[in-house]
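Taking UniProt numbering, I'd label the letters of the sequence shown as residues 1 to 141. Beta carbons: idealized from backbone N, C-alpha and C, even for Gly. Computed from a predicted structure; not experimentally measured.
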Amino acid sequence: MKSELHVPSDLNYLNIVEHWLLGCLKIQLGESVDWSRQSSRLRLALVEAYSNVVRHAHKEQANVPVLLRLELKERDIALEVWDYGEGFDMATYFPPNPTDKQEGGYGWLIMSRLMDKVEYQLQVDGANCLKLEATIPELAK
């Protein structure tokens with residue numbers, strides 16, 4: 001299953017983005033998933049990715065679209081978040097040290113812990129792509 005959503009760079013659309021992702025997955029996977037656990041995990045990763053695009057890549061310019069692509073193969077999901085900002089040089093990223101009481105910079109760390117794989121590609125056909133991958137475990141019986 002593949003699905004795509006074009007949405008403005010506006011945090012007011014966050015609820016729509018979350019419902020799109022979980023709605024698509026629930027239609028395909030049904031009751032075979034512990035949604036109370038998996039929806040929290042997926043929502044947090046998606047919220048982090050989408051809000052970073054809105055705030056940092058597009059700098060609150062609602063007229064610049066965010067493209068979301070979802071692909072589900074059996075129980076493996078790949079979620080791509082495309083932006084049209086300057087991009088982020090991953091070579092300059094260093095995970096925050098909790099003892100420093102740093103306010104920002106936790107997004108990559110959060111997404112990496114929640115998802116099985118996180119990749120970022122800078123400037124692919126004029127856009128940047130954050131790819132989040134995970135396997136959705138089957139509900140224990």
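#### Entry: Alpha carbon of Met111 to alpha carbon of Lys117, nearest angstrom
Position 111 of the sequence shown holds residue 111. Position 117 of the sequence shown holds residue 117. If you draw a straight line from the Cα of Met111 to the Cα of Lys117, it comes to about 9 Å.
### Message
For Val47, report the span of its alpha helix (DSSP H) as first-last.
### Response
The residue given as residue 47 occupies position 47 in the sequence shown. Its alpha helix (DSSP H) spans residues Trp35 to Asn52.
### Beta-carbon gap between Arg75 and Ile27 smaller than 8 Å
Along the sequence shown, read from residue 1 onward, the residue named residue 75 stands at position 75. Along the sequence shown, read from residue 1 onward, the residue named residue 27 stands at position 27. No, the pair does not count as a contact, with Cβ atoms beyond the cut-off.
### Task
Kindly list the residues whose CB is nearer than 6 Å to the CB of Cys129, restricted to its own chain and excluding five residues on each side of it in sequence; keep chain order.
One-based indexing of the sequence shown puts residue 129 at position 129. If the five residues before and after Cys129 are omitted, its C-beta is found closer than 6 Å to the C-beta atoms of Glu80, Trp82 and Gln121, all from its own chain and listed in chain order.
### Span of the alpha helix (DSSP H) around Ser112
Looking up residue 112 in the sequence shown gives position 112. DSSP places Ser112 in the uninterrupted alpha helix (DSSP H) bounded by Gly107 to Leu114.
### Query
Going along the chain, which residues of its own chain have a beta-carbon closer than 6 Å to the beta-carbon of Asp10, five neighbours each way excluded?
Stepping through the sequence shown from its first residue, residue 10 is reached at position 10. Closer than 6 Å at Cβ, skipping near neighbours: Ala62.
### Task
Just mark Ala45 as buried or exposed, buried being the case when its beta carbon has 16 or more other beta carbons within 10 Å.
The residue given as residue 45 occupies position 45 in the sequence shown. It is buried - the Cβ of Ala45 has at least 16 other Cβ atoms within 10 Å.
### Query
In the DSSP assignment, what are the bridge partners of Val118?
As a first step, residue 118 must be located in the sequence shown, where it is residue number 118. In the DSSP output, where bridge partners are listed per residue, Val118 has Leu132.
### Message
According to DSSP, is Ser9 part of a helix, a strand, or is it coil?
### Response
As a working mapping, residue 9 is identified with position 9 in the sequence shown. Looking at Ser9 - three-state DSSP - the assignment turns out to be coil, as it is neither helix nor strand.
### Task
Return the Cβ separation of His6 and Leu67 in integer angstroms, given the expectation that the two are a contact with Cβ distance under 8 Å.
Position 6 of the sequence shown, counted from the start, is the residue given in the question as residue 6. Position 67 of the sequence shown, counted from the start, is the residue given in the question as residue 67. His6 to Leu67, Cβ: 6 Å. Contact.
### Task
Rounded to whole angstroms, what's the CA-CA distance from Val124 to Gly23? Just pull it up for me.
By 1-based counting over the sequence shown, the position of residue 124 is 124. By 1-based counting over the sequence shown, the position of residue 23 is 23. Going by the C-alpha atoms only, they are around 28 Å apart.
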